[in-house]
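J.: So the sequences go chain by chain: A and B.
For reference, each letter of the first sequence is one residue, going 1 to 659 in our numbering.
For reference, each letter of the second sequence is one residue, going 660 to 1318 in our numbering.
Ideal placement from N, C-alpha and C gives every residue a C-beta, glycine not left out.
Number of protein chains: 2
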Amino acid sequence: MSIVNLILGRRLANREYVERKINAFEGVPAMGLDGLGSSAYGPEAALTILIPLGAAGLAHIGTVMLPILVLLAILYVSYRQTIRAYPSNGGSYTVSKENLGTYPSLLAAAALMIDYVLNVAVGISAGVGALISALPALHAYILPLCLSVLVLVTIVNLRGTSDAGRAWALPTYLFVASFMTILAIGVCKAAMAGGQPEPVVHPPELPAATEAVSIWLLLRSFAAGCTAMTGVEAVSNGVSTFKEPVVKRAHHTLGTICAILGILLAGIAYLTHAYGIGAMDQTQQGYQSVLSQLAGAVVGRGIFYYVAIGSVLCILCLSANTSFVDFPRVCRLVAQDDFLPRPFAVVGRRLVFSVGIVFLCVASGILLIVFGGITDRLIPLFAVGAFLTFTMSQLGMVAHWRRELGTASNARERHQHRASLAINLIGTLITGTSLAIIIIAKFIEGAWITIVVIPCVILLLFAIKRYYRELDAQLREGGPLDLRRMEPPVVLVVTEGWNRLTDRALNFALRLSPDVAAVHLTALAGPDVDENRQELRRQWSKDVERPAQEAGLRPPQLVLLQAPYRRIQAPLLQLIQATERGHPNRLIAMLIPEVIKEHWWQYLLHTHRARRLRSALLRYGGSHVIVINIPWYVEEPRLEAGLDEAEKREPLGTQQEDR
Amino acid sequence: MSIVNLILGRRLANREYVERKINAFEGVPAMGLDGLGSSAYGPEAALTILIPLGAAGLAHIGTVMLPILVLLAILYVSYRQTIRAYPSNGGSYTVSKENLGTYPSLLAAAALMIDYVLNVAVGISAGVGALISALPALHAYILPLCLSVLVLVTIVNLRGTSDAGRAWALPTYLFVASFMTILAIGVCKAAMAGGQPEPVVHPPELPAATEAVSIWLLLRSFAAGCTAMTGVEAVSNGVSTFKEPVVKRAHHTLGTICAILGILLAGIAYLTHAYGIGAMDQTQQGYQSVLSQLAGAVVGRGIFYYVAIGSVLCILCLSANTSFVDFPRVCRLVAQDDFLPRPFAVVGRRLVFSVGIVFLCVASGILLIVFGGITDRLIPLFAVGAFLTFTMSQLGMVAHWRRELGTASNARERHQHRASLAINLIGTLITGTSLAIIIIAKFIEGAWITIVVIPCVILLLFAIKRYYRELDAQLREGGPLDLRRMEPPVVLVVTEGWNRLTDRALNFALRLSPDVAAVHLTALAGPDVDENRQELRRQWSKDVERPAQEAGLRPPQLVLLQAPYRRIQAPLLQLIQATERGHPNRLIAMLIPEVIKEHWWQYLLHTHRARRLRSALLRYGGSHVIVINIPWYVEEPRLEAGLDEAEKREPLGTQQEDR
C-alpha cells in the first residue's frame, strides 16, 4: 500500500477538490505543451512541402504562414467566446451536443478521442525520434524509451493535473524563454543587417529547384503547416480543472498559449526566410531540424544552443500531456451520457479520471508497440481529427449565437451576439475549408483511415448507449415495495463434514427458515478416497438433529450428494433445479461457509471451492437463488486494515449525513 | 469449452477410474522412458570419464559396467519385493513413512520431487540438444523447442496416463526394436570375427592416453555410469495406476524395463570394447554420441541408422514423461498427509492429479528458461536424488522385513522374510555406497546444491503441515450445535437509488429481521456530481416505508452516508464497526444486490463495486458479518449452462445417495 502511496500519492478526499484545481501558470504546461510543441514541427512540415521549389520556396513561406496565423487568431477569439459561454466545459463535444444534437456531438467526440490517442503516440515518438537524432547511440532503444516516457507521463497524470502542471513547468518555460530569446536576437540581427543577417553557423545549402510553384503545392504546404494548430482546443476541453474565477484563468491560459505560439510561428517564418533556412530530408544523413538550423544560425553552437535544443526535445516528448489532461475529461462527459462505459466517469484516487488515463496509456502504448515507436505514418491522420473538432465546435457556436440572438433582450446584447456569430461563422468557414484541404491533400497518405475509423467509433458508442438504456429500463422501479411473497426461503447449507464452519452456517440457517438441509458432497477428491458416511450421519444425528429438536426447531436434514465429476457446482445446481420444481415461487438461500484467506500464501493452500461455487451459483443460479457467505477467520481481522491511511482519520460521524 | 474438450478430452467421471488404468504394454512407455533413455547417456557418461586413458580405457568399461549391472539386478529384485509388499503404492515416500518415520519419509519425498523436476528439465534439454547436433539449423530455437516438448508432454499427461502410454508406445518400441537389432547384429559379427569385427563405418580414432588408470578414476566412471539407473524406481511410485491384478502388471512392467535396460547396457559395453568406440568431447567439432558411432559401426549409415538415431532423440525428449506420471502421484501422497497444499491431492478433469502436472510443467519450464534450454550443469544434481531415494527405499524395506520377521507365523515365512531382508540389506549397502561415491565424486560439480536444497524443501513441507494442523485444530468441532445466540441479525442493505435491485434486496431483508436499514452512499462518483437527496428520501417514504407499515412491519430506515474518498468499502466497514458497538453479540447481515455479468464485455461496462465490496467485507468484516449476495439478471440464466457436457447427461437421481 505504501508503494502505491509513494508512486501515486495519498488518496485525496472529495473536499480537497477545490485545492487541486490549477491556475494559468500550471495550465500552460498542463494543457499547452501540445500547442507549443506544434511550433517545432508545423513550420517544418510546411517547409518540407516547399523543398521541390529549392531556395525560391522560402519566398512563399510567408504566403503559407500568414493564413495559418490568421486562423490561429480566429480560433483564439472564438474559443475565448466558447469558454465564456460554457464555463463548466466548452469542449466541442459539449458545444455540439448543446447546439447541434447527439449525432454531431458523437462525431466530435469520436474525432477528439482518436485525435488524443494519436497525439500521445505521435508526440512521444516524435520527441524520442528527435532525441535519437541528437544521440544516435540510443538508436537501439527507441521503443523502450517511448514506453518509458509514456509510463512517466501516465504516472504523473494519475497523481493529478496540478502535479503534472508543476512537474512540466520547468521544461515548458525554459523552452519559451530560450526560443523567445533566440527569435529576439535573430530579428534584431536581421533588422540591423537590413534583412540579410550573417549566420553564426551557416545552414546547409538549399537544393536546386525541381518544380515550379503551383496553387496545389501551396495548399498542400498550408495543410501541412496546419499541424501547428493542433492543441489549441485543449483549454476549452479542460475548463473545469481551473480555479475560480474559471473563465478568467482559462482565458489567461488560452491567451498565453496562443500568443506564444503566434510569436514563435511568425518569428520562425521570418527568420527562416532571412537566414535562408529550408527543411531537410529526414531520411538523409546529416539531417538537421529547422529549429536546430535556426538556433545555430542565430546564436551558434554554444551552451545556449544545447539548452534550447534540449528544451525542444522535452517539449516534444511531453506534448502527450495535453491528451492526458483532456482525454479523460472528454471521456467522462461522454460516459455521463452513457455513450462510454460508466467507469470512465468515476473520479479516481487523486481526483482525476483514472480509468481514462489508464485507457489512454494502454491504447497509445499499443500503437507505439505495433509501430515499433516510429509513428510517422500516423501524422497525416492527426490533423484531420483536430480540424474536424475545430469545425464542429465553431458550427456549434454559430447555432448557439443564433439561438441567443432570438432571446436577446436589448439592442446592445443583440449587437454583441451578432459580432460573436460573425466571428464563429468565419471560423467555421475557414476551419471547414482547411479541413477539406487537409483531407484532400492527405487522403492517400492516411487521412482515409480516420474517415473509416470515426464511424466505427460512433457505432461502438451507440452500442454502449443501447446496453445502458436496456439495463436501466429493466432496473427502473415500477411501483412501491411489493411485500406479498413472504414465504420463508428453502435453505441449503454446503458442508464439508461437521465442523465449526458448519456450526456457524447452520446457526444462521435455522434462524432464516424452518426448511434447512445441509448438503455434503462425496467423492469430491477423487474416485479412490473413502469417506465414512455412517460416521457422518451418526454425528449429525447426535450433534445437530438432537439439539435442534431440543430447541423446538425442525431439525435440518443431511443430504449426501455424489459429485461424479469432482465438481461441486454441478450437483448443487441440479439440486437447486430439483428444489425449484418442488417449491416453485420460494426463494432458495445457499449458505456457503468459507475460510477467509488473510495472506497471499493461503491462496496456494486451499482448494477455492467456496469461491468457485459462489461464482457458479451467482452466474447460473437464477433469480430464485440467494447466495449467503459465512466467513470464518483463522485470526479475527481488524476492520481498520480495510481502510486507506487517510480514511482511518475520517471518523464515521463526519460522513453520516442524517439517519 | 469445446476447445478445452478438444485439447484435454471430455471430463471423466469417477466411475471411469477403473477403465483408465493401464497394463504393462502402456506402462513401459508411460513409466519406462526415463529408465530406457538412461541407456543413451549412462554408458557415454562412464566412457567420458575414461577419455584420459585413451584406447586403454576401453578395457576398463567392463570393470565399470559390471557393478552397474549387478546394482540394476539388485534394484530389480528389491523393487519387485517392495511392490508386492506395498501393492497400493510402493514408492520410497510410502516405504520410508511406514517403516522409518516422518523425517526419513520427508527426506525421500524431497529427494524424489527434486529428482523429478530435474529429470524433466534435463531430459528435454538433452533430447533437444541431441536433435540440434543432428540438425544444426535449429540451433537458434533451442529454448522454444524445449518448451514446445514440455507443453506437449504436459498436455498429453493432463489427458491421462493411459493416453500418454498409448501416445508414446510407437517411439518407445521402435527404439527398443532397432537397438536390440543393432546389438544382435553387432554381437553376431563380433563373435564371427573372433572378437575383432570390422566396422562398416569406422569410429573416430581414440585420443592418446594422458593419464594412468587409478581407483579414483574408475570410481568416478562408475558414479557417472550410475545415471543409467535413474528411472528404475518409477514403477514403484506409480503402482496405483495399473489395472488389476496390480502386482502382476507392475512386476511385468518393471521386469520389462529392467531387462531391456540390462541388455542394452551390457550390449553397449561389449560392443564399444569390440569396435573400439570411445566417448568424444561434446564441445569439439564433429562430436558423435556413442550410440551414433555404435550404430554406424554395426549397420552403416543407411535408412536403418537414421530410424534408430531418430528413435533415440524421441526417447530422450520424452524421458520427461516418467516424471509426469510419478511426480503428481508422489505429491498427492505427501499432500494427503498435509505436507503439501491440499489441491495436489485433488483428482482433476481426466482422473489424474492436474495440479501436480501443471506444477511440474511450470517448475521445469522455469529451470529451462533460466538455463536457456541448456541444463548440462544440472546433470550432476540428478543422480544424487535418484540414489538417495533408492537408499531410503531399501532401508525402509530392511525395517519392514525385520518387523515382519518378528510377526512371522511359521518357519517357511521366516525363511522367506530373511532372504528378502538379505536382498534389501545388500541393496542398501550398495546403493548407499554408490550414493556416497556420487556425492564425493560430483560434490564440486553441483551435488552440493542438492544437499543445500533438500533441507529447504523439508522445512517448507513442515511449514505447510503446521498451517493445516493449526487450521484443523481451530475448525474441529468441540460439541453439539449451540443454538443459544438466536437474536435476529441487524440487516444493512446497500443501495444505489431506489430500483428493482433494492426492491428484491429489501424484500429478503424484511424477512430476515425487523432491524433493517438501507445504506445509500453519496459522492461516490466524485466531488462535483450532484445527487438529489430530498427526492430519494421522498421516494423512500412513499415506496418503501408506507408499504412496510401497511404490511405490519417495522419500516426500514434510509441511511445516507458520505464516501469522502469515493470508496464504497470504507464507510460501510466503519458503519459495521459502529453497529457492532451499538449491538454487541448480534450478527450483521450485509445485503449486496448485484447485476450479474453474463458476457465478458459487461465486465468493461460496470464499476464492479458489488464485487469489491463483497471482497472487502469478507476479508475485513470479521466474524460478526455475514455477506448476502442478491443476484439480478438482465436475462434469466439457464442452470444447465453451468454444467459440463458430460454432467448434463447425469440426472440428479443417480447422484443423490439418500435423504
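In the DSSP assignment, the alpha helix (DSSP H) including T161 (chain A) goes from what residue to what residue?
T.: What you label residue 161 (chain A) is simply residue 161 of the first sequence in a count that begins at 1. Segment 161-167, the alpha helix (DSSP H) holding T161 (chain A).
J.: Quick one: what does DSSP say F175 (chain A) is sitting in, helix, strand or coil?
T.: Reading the first sequence from its first residue, position 175 is the one you call residue 175 (chain A). Reduced to three states, the DSSP call for F175 (chain A) is helix.
J.: Would you check if the distance between the CB atom of L618 (chain A) and the CB atom of P1290 (chain B) is smaller than 7 Å?
T.: Against the first sequence, residue 618 (chain A) aligns to sequence position 618. Against the second sequence, residue 1290 (chain B) aligns to sequence position 631. Yes, the pair counts as a contact, with Cβ atoms nearer than the cut-off.
J.: Taking only the alpha-carbon atoms, compute the straight-line gap between D1317 (chain B) and L561 (chain A) and give it to the nearest angstrom.
T.: Within the second sequence, the letter at position 658 stands for residue 1317 (chain B). Within the first sequence, the letter at position 561 stands for residue 561 (chain A). Low confidence applies here, because D1317 (chain B) scores a pLDDT of 46, under 50, leaving its location unreliable; read the following figure in that light. Cα to Cα, the separation comes out at about 8 Å.
J.: For chain A, find out if any of its Cβ atoms is closer than 7 Å to the Cβ of R1213 (chain B); answer yes or no.
T.: As a working mapping, residue 1213 (chain B) is identified with position 554 in the second sequence. R1213 (chain B) does not count as touching chain A.
J.: So for P527 (chain A), helix, strand or coil by DSSP?
T.: As a first step, residue 527 (chain A) must be located in the first sequence, where it is residue number 527. If DSSP states are grouped into helix, strand and coil, P527 (chain A) belongs with coil.
J.: Does the pairing of the segment 280-288 of chain A with the segment 182-202 of chain A give three or more beta-carbon distances under 8 Å?
T.: Output reads no: the segment 182-202 of chain A does not touch the segment 280-288 of chain A.
J.: Reducing DSSP to helix, strand and coil, say where I1089 (chain B) ends up.
T.: In the second sequence, residue 1089 (chain B) corresponds to position 430, counting from 1. In the structure shown, I1089 (chain B) sits in a helix (DSSP, three-state: H, G or I).
J.: List, in chain order, every chain B residue whose beta-carbon is nearer than 8 Å to that of I586 (chain A).
T.: Counted from its first residue, the first sequence places residue 586 (chain A) at position 586. Looking at the sequence itself, residue 586 (chain A) is Arg, so the reference to Ile does not match. What R586 (chain A) touches in chain B: nothing, since even the nearest Cβ is about 11 Å away.
J.: If I follow the unbroken alpha helix (DSSP H) through W1060 (chain B), where does it start and stop?
T.: Position 401 of the second sequence, counting from 1, holds the residue named residue 1060 (chain B). Per DSSP, W1060 (chain B) belongs to the alpha helix (DSSP H) from 1038-1066.
J.: For L1151 (chain B), which three-state DSSP category applies?
T.: Counted from its first residue, the second sequence places residue 1151 (chain B) at position 492. Here L1151 (chain B) sits in strand by DSSP.
J.: Using DSSP's beta-bridge definition, name the partner residues of L291 (chain A).
T.: Counted from its first residue, the first sequence places residue 291 (chain A) at position 291. Answer is none; L291 (chain A) lacks a bridge partner.
J.: If A1184 (chain B) sits next to V347 (chain A), beta carbons under 8 Å apart, how far is it from one beta carbon to the other, in whole angstroms?
T.: What you label residue 1184 (chain B) is simply residue 525 of the second sequence in a count that begins at 1. What you label residue 347 (chain A) is simply residue 347 of the first sequence in a count that begins at 1. That pair is a contact at about 7 Å.
J.: Cβ closer than 9 Å: which chain E residues qualify as neighbours of F1167 (chain B)?
T.: Judged by its chain identifiers, the structure shown contains no chain E, and its protein chains are A and B.
J.: Checking contacts by CB at 7 Å: is T607 (chain A) closer than that to chain B?
T.: Taking the first residue of the first sequence as 1, we reach residue 607 (chain A) at position 607. Yes - at least one Cβ of chain B is within 7 Å of the one on T607 (chain A).
J.: So what does DSSP say about Q1221 (chain B), is it helix, strand or coil?
T.: The sequence position of residue 1221 (chain B) within the second sequence is 562, counting from 1. In this structure, Q1221 (chain B) counts as strand in the three-state DSSP scheme.
J.: Might you give, ordered along the chain, the residues of its own chain that have their beta carbon closer than 7 Å to the beta carbon of V122 (chain A), omitting 5 neighbours on each side?
T.: As a working mapping, residue 122 (chain A) is identified with position 122 in the first sequence. The answer, listed in chain order, is T375, L378, I379, F382.
J.: To the nearest angstrom, how far is it from the Cα of F1012 (chain B) to the Cα of P987 (chain B)?
T.: In the second sequence, counting from the first residue as 1, residue 1012 (chain B) sits at position 353. In the second sequence, counting from the first residue as 1, residue 987 (chain B) sits at position 328. If you take the alpha carbons of F1012 (chain B) and P987 (chain B), they lie about 6 Å apart.
J.: Just checking my contact of V290 (chain A) with A308 (chain A) at CB under 8 Å: how many whole Å lie between their CB atoms?
T.: For the purposes of this step, residue 290 (chain A) is taken as residue 290 along the first sequence, with counting starting at 1. For the purposes of this step, residue 308 (chain A) is taken as residue 308 along the first sequence, with counting starting at 1. At roughly 13 Å, the Cβ-Cβ gap does not stay under 8 Å, so V290 (chain A) and A308 (chain A) are not in contact.
J.: Are the C-beta atoms of Q534 (chain A) and some chain B residue less than 7 Å apart?
T.: For this step, residue 534 (chain A) is matched to residue 534 along the first sequence. Chain B contact via Cβ: absent.
J.: Please list, in chain order, the chain A residues whose beta carbon lies closer than 7 Å to that of E1309 (chain B).
T.: By one-based count along the second sequence, residue 1309 (chain B) stands at place 650. Result: P564.
J.: I630 (chain A) versus chain B: which residues are under 8 Å apart at the beta carbon?
T.: The count along the first sequence starts at 1 and reaches residue 630 (chain A) at position 630. Those within 8 Å of I630 (chain A) in chain B are I1285.
J.: So which residues of chain A does A768 (chain B) contact, with C-beta pairs closer than 7 Å?
T.: The residue given as residue 768 (chain B) occupies position 109 in the second sequence. None at all; the shortest Cβ gap to chain A is about 17 Å.
J.: Candidates B:L730, B:L709, B:V729: which alpha carbon is nearest I720 (chain B)'s?
T.: Start at 1 with the first residue of the second sequence, and residue 720 (chain B) comes out as number 61. The shortest C-alpha separation from I720 (chain B) is found at B:L709.
J.: In the DSSP assignment, find the unbroken alpha helix (DSSP H) run with I458 (chain A) in it and report its ends.
T.: Here the question's residue 458 (chain A) lines up with position 458 in the first sequence. Note, I458 (chain A): alpha helix (DSSP H), 448-475.
J.: Could you check whether the Cβ of S2 (chain A) sits closer than 7 Å to any Cβ belonging to chain B?
T.: To locate residue 2 (chain A), count along the first sequence from 1; it is residue 2. Taking Cβ atoms only, chain B never reaches closer than 7 Å to S2 (chain A), which makes this a no.
J.: Is it the case that the segment 21-34 of chain A contacts the segment 161-168 of chain A, given that we only count it when at least three CB pairs across the two stretches are under 8 Å?
T.: Yes, they touch.
J.: Taking the beta carbon of C456 (chain A) as the centre, do at least 16 other beta carbons fall within 10 Å, making it buried, or is it exposed?
T.: Residue numbering aside, residue 456 (chain A) sits at position 456 when the first sequence is read from its first letter. Answer is exposed; the Cβ neighbour count stays below 16.
J.: Per DSSP, M590 (chain A) is paired with what?
T.: If you number the first sequence from 1, residue 590 (chain A) lands on position 590. In DSSP, M590 (chain A) forms a bridge with A:L492, A:V627.
J.: Per the DSSP calculation, I520 (chain A) is bridged to which residue(s)?
T.: As a first step, residue 520 (chain A) is located in the first sequence; it is residue number 520 there, counting from the start. What sits at residue 520 (chain A) in the sequence shown is His, not Ile. DSSP lists A:T495, A:L560 as partners of H520 (chain A).
J.: In three-state terms, what does DSSP make of V736 (chain B)?
T.: The residue you call residue 736 (chain B) lines up with position 77 of the second sequence. If DSSP states are grouped into helix, strand and coil, V736 (chain B) belongs with the helices.
J.: Buried or exposed for F834 (chain B), going by 16 or more other Cβ atoms inside 10 Å?
T.: Taking the first residue of the second sequence as 1, we reach residue 834 (chain B) at position 175. When all chains shown are included, F834 (chain B) counts as buried.
J.: Under a CB-based cut-off of 7 Å, is R1318 (chain B) close to chain A?
T.: As a first step, residue 1318 (chain B) must be located in the second sequence, where it is residue number 659. Since pLDDT at R1318 (chain B) reaches only 41, below the 50 mark, its modelled position is unreliable, and the value read off the structure follows with that caveat. By this cut-off, R1318 (chain B) is an interface position.
J.: So, under 8 Å CB-CB, V812 (chain B) and L977 (chain B) are touching, yes? Tell me the CB distance rounded to an integer number of Å.
T.: Your numbering for residue 812 (chain B) matches position 153 in the second sequence. Your numbering for residue 977 (chain B) matches position 318 in the second sequence. Contact flag correct, Cβ pair sits at about 7 Å.
J.: Please tell me whether D338 (chain A) has its Cβ less than 7 Å away from any Cβ of chain B.
T.: Along the first sequence, one-based indexing puts residue 338 (chain A) at 338. Cβ-Cβ to chain B under 7 Å: no for D338 (chain A).
J.: In chain order, what residues of the same chain lie with their CB nearer than 7 Å to the CB of H583 (chain A), ignoring the 5 residues before and after it?
T.: Looking up residue 583 (chain A) in the first sequence gives position 583. Taken in chain order, the residues that qualify are V490.
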